[in-house]
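Below you'll find the structure, written out as structure tokens, and then a few comments.
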């Protein structure tokens, strides 16, 4: 068995009603559902990302589909030198 992880991208899907969310399970992994704000976060394989996005847009229960901005965020931590250069606020 191959233990190869597939690249995934996340989508934010806004729906009119959260009652039909179970129908969206066949398009990808539903990671989070906000019942109050009527949206869900779903992960889709990157190989068929555009196809799934277009299919979701055509559904009647879907209000809109947005690419998640998580990929564009800078996720590197500060270097130790940057932390050492900052002065502490010990002098009041």
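In the numbering used here, the protein residues as written are 589 to 680.
In this text, a Cβ means the ideal position worked out from N, Cα and C, and glycines have one as well.
The beta carbon of residue 637 sits closer than 7 Å to those of 597, all from its chain and outside the five residues before and after it, given in chain order. In this structure, the beta-carbon distance from residue 616 to residue 654 does not fall below 8 Å. Per DSSP, reduced to three states, the secondary structure at residue 604 is coil, with no helix or strand assignment. The criterion of a C-beta distance shorter than 8 Å is satisfied by residue 601 and residue 650.
For the options 599, 625, 642, 592, the alpha carbon positioned closest to that of residue 657 is the one of 599. Secondary structure at residue 592: coil, using DSSP grouped into helix, strand and coil. When secondary structure is reduced to three states using DSSP, residue 639 falls in the helix class. Remark: C-beta atoms of residue 630 and residue 612 approach each other more closely than 8 Å.
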